[in-house]
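Going by the working numbering, the sequence shown opens with residue 27, and the numbers climb by one from there.
We put the CB at the ideal spot given by N, CA and C, even for glycine.
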Amino acid sequence: MKNKAPKYLLAIHGGVGTILKENMNAEKELAYKQVLTLALTRGEMVLQKNGTALEATEAAIKVMEDSILFNAGKGSVFTHEGKIEMDASIMDGKNLDAGAVAGVCNIKNPISAALKVLQESGHILLMGKGAEQFALQHHCKFEDDEYFRSDDRWDQLQLAKESQGVWLDHSGEHKSATATVENGGLKLGTVGAVALDLEGNIAAATSTGGMTNKKFGRIGDTPIIGAGTYANNNTCAVSCTGHGEYFIKNVVAYDVAALMEYKKYSLEEAVNYVIHKKLNDQQAEAGLIALDSKGNYSICFNTEGMYRGVVRQGEAIKVAIYKEV
Ligand code: ASP
27 MKNKAPKYLL AIHGGVGTIL KENMNAEKEL AYKQVLTLAL TRGEMVLQKN GTALEATEAA
87 IKVMEDSILF NAGKGSVFTH EGKIEMDASI MDGKNLDAGA VAGVCNIKNP ISAALKVLQE
147 SGHILLMGKG AEQFALQHHC KFEDDEYFRS DDRWDQLQLA KESQGVWLDH SGEHKSATAT
207 VENGGLKLGT VGAVALDLEG NIAAATSTGG MTNKKFGRIG DTPIIGAGTY ANNNTCAVSC
267 TGHGEYFIKN VVAYDVAALM EYKKYSLEEA VNYVIHKKLN DQQAEAGLIA LDSKGNYSIC
327 FNTEGMYRGV VRQGEAIKVA IYKEV
């Protein structure tokens, strides 16, 4: 019998939400698709060179963190106090090692800080000032407040404050009237990546600025292992996006893995059940990307759209935004 070597696979997301074609134009669409394509290209380069799934997810996420278009790194949304506080996590399906940072300021790439936590800290989740100190000691890049600031994000915060809302960075009605691609407006979503490498190992990673107008040090699902991110070679790698509180109380990423492990669901069945049954019933805006070590993948959401993309060894990069694809 022929020995079947695993083929690499990488899937990414840039958030879910009310992403409607009528609110877009060709130029905006192109801008989003370019960043998604670049993220997949960078991640794929790692996998082509026999890099690990863990490294590939970090590489892909860094591209989206460096873009003003997504709610992570540079494009992060403001807290009630007008600060940028970011969350990120990463998990290795080979050995269940994980790293995460929560409520961190000024770190250019929170996902790289999360990876350092996994590799060097002996812990899993570091928060606030301590996490920043750790990142500094491990040579993570820092940027000043100006780097993260955009006028549209600021306008969005003022609108959220007026209505006393805490907003997911996803829905069209939450955008300021001045939002454009040029000024960084219409930025949608937390970012995530899942990968399968040539050794057959899988990994998941997620990064976000959280929710506009969040208060009191609110932390979402993104840095919580099992809620926003999970990876286990025996089941699947999952990265989530949507209203974080629902993902925490439903332990969503782990729930997908648990359905596979204990109920023997396929990846597709587990993902569909969690998004289209469980989270739909709770009226939670939700999406996730997932894959397993056999090379199956699933991209699933219950909203109008989701920024997303996938590349498999020997195949062309695919990116999409709206529901139809
Ligand atoms: N899940 C993130 C949070 O609640 C938000 C998002 O996915 O955009 O912090």
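### Message
Does TYR256 pass the burial test, meaning 16 or more other C-beta atoms within 10 Å, or should it be called exposed?
### Response
buried
### Own chain residues within Cβ distance below 7 angstroms of HIS302, not counting five before or after
ASN328
### Message
Are there any heavy atoms of the ligand GDP lying less than 6 angstroms away from the beta-carbon of GLY41, as far as the coordinates show?
### Response
Ligands in the displayed structure: the ligand ASP; the ligand GDP is not one of them.
### Task
With hydrogens ignored, establish whether the beta-carbon of GLY268 is closer than 6 angstroms to any heavy atom of the ligand ASP.
yes
### Query
By DSSP, does LYS275 sit in helix, in strand, or in coil?
helix
### Same chain, Cβ closer than 7 angstroms to MET90, five either side skipped, listed in chain order
GLY40, VAL61, ALA65, PHE96, ALA98 and VAL217
### Residues that DSSP places opposite CYS326 in a beta bridge
LEU314
### Query
What does a CB cutoff of less than 8 angstroms around SER292 pick up in its chain, not counting 5 residues either side in sequence?
MET286 and ASN322
### Query
Taking 6 angstroms as the cut-off, is the CB of ASP247 close to at least one heavy atom of the ligand ASP?
yes
### Query
Relative to the ligand ASP, is the shortest distance from any of its heavy atoms to the C-beta of GLY154 smaller than 6 angstroms?
no
### Query
When you compare each of GLY254, GLY156, LYS120 and ALA316 to GLY226 by their alpha carbons, which one comes out closest?
LYS120
### Message
Please determine whether the Cβ atom of THR329 lies at a distance below 6 angstroms from any heavy atom of the ligand ASP.
### Response
no
### Message
By the three-class DSSP mapping on this structure, what secondary structure does LYS304 have?
### Response
helix
### Message
Let me check understanding here. Comparing Cα to Cα, which of ARG179, ALA139, HIS149 and GLU188 lies closest to HIS165?
### Response
ALA139
#### Entry: Minimum length 3: unbroken beta strand (DSSP E) runs contained in the segment 68-124
112-118
### Query
Using the beta-carbon count (16 or more within 10 Å), is TYR272 buried or exposed?
buried
### Task
May I ask which residues mark the beginning and end of the beta strand (DSSP E) holding LEU36?
35-43
### Task
Mark ALA52 as exposed unless 16 or more other C-beta atoms lie within 10 angstroms of its C-beta, in which case mark it buried.
exposed
### Query
What residues in its chain sit with their C-beta under 6 angstroms from that of ALA221, if we drop five residues either side in the sequence?
LEU36, ALA79, ALA82, THR83 and ALA229
### Query
Apart from the five residues just before and just after SER147, which ones in its own chain have a Cβ nearer than 8 angstroms to its Cβ?
GLY125 and PHE160
### Task
Could you check which residue in ILE110, HIS149, ASP118 and LEU122 has the C-alpha nearest to that of ASN135?
ILE110
### Query
Nearest-angstrom Cα distance between VAL72 and VAL130?
27 angstroms
### Query
Shortest alpha-carbon distance to CYS326 belongs to which of ARG338, GLU294 and ILE343?
GLU294
### Message
Looking at the secondary structure, which residues open and close the alpha helix (DSSP H) in which ARG179 lies?
### Response
177-188
### Query
When you compare only the Cα positions, how much space is there between ILE116 and GLY69?
15 angstroms
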